[in-house]
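Numbering (the working numbering) for the sequence shown: 175 to 329.
Note that CB positions come from ideal geometry on N, CA and C, so glycine has one too.
In what follows, a single structure is set out as structure tokens and then discussed.
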Amino acid sequence: MTKNYLSPEAYRKLQEELEMLKTVKRKEIALKIQEAKELGDLSENAAYQEAKDAQAALETRILDLELLLKNSTLIKPRKNSGIVEVGSQVTVQSLSLPKTKKQFLIIGAQEADPAQGKISNESPLGKAFLGRKKGETVVVKTPKGEVKYKILNVS
175 MTKNYLSPEA YRKLQEELEM LKTVKRKEIA LKIQEAKELG DLSENAAYQE AKDAQAALET
235 RILDLELLLK NSTLIKPRKN SGIVEVGSQV TVQSLSLPKT KKQFLIIGAQ EADPAQGKIS
295 NESPLGKAFL GRKKGETVVV KTPKGEVKYK ILNVS
């Protein structure tokens, strides 16, 4: 099973969402179900069916969040070991044309946002960088071919 890595901020946001779903949303849906029941015949009651569907979706999301939070590992700031690990900020230079410098933050898949430089530890780039050190050259296989990066800094 793949480890789920979460930053403390993401963990807190997911906990807040879970609490809101359990308290506020459950009450809202229960009220909608009760109101729909009062309309009469449940077999042809679209409002009742919609409320029951919303309840099922809500309970599924609650279970998903509980499982995610239970099985997550928090990303903790560590003393800079010089080795790329989950939570590391990595500065690299592409050795392919054009040669460009980029910074990546290696995080868990739940928080990945490649456009913001946040890459998953499960992505091809993330996997290639993990366990590497400053000065190493890393080859990443992409759909368009291999791309080489030199690791300039790890923090």
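Asked                                                                                                    : Found
Selection from Ala-225, Met-194, Lys-196 and Val-314 that minimises the alpha carbon distance to Ile-207 : Ala-225
Endpoints, beta strand (DSSP E) assigned at Ile-257                                                      : Unbroken run through Ile-257: none, as it is neither H nor E.
Gly-300: first and last residue of the uninterrupted alpha helix (DSSP H) it sits in                     : 298-303
As assigned by DSSP and simplified to three states, the class of Leu-205                                 : helix
Paired residues, beta bridge with Lys-315 - DSSP                                                         : Glu-320
DSSP three-state assignment for Leu-248, whether helix, strand or coil                                   : strand
Beta-carbon proximity of Tyr-179 to Ile-249, cut-off 8 Å                                                 : yes
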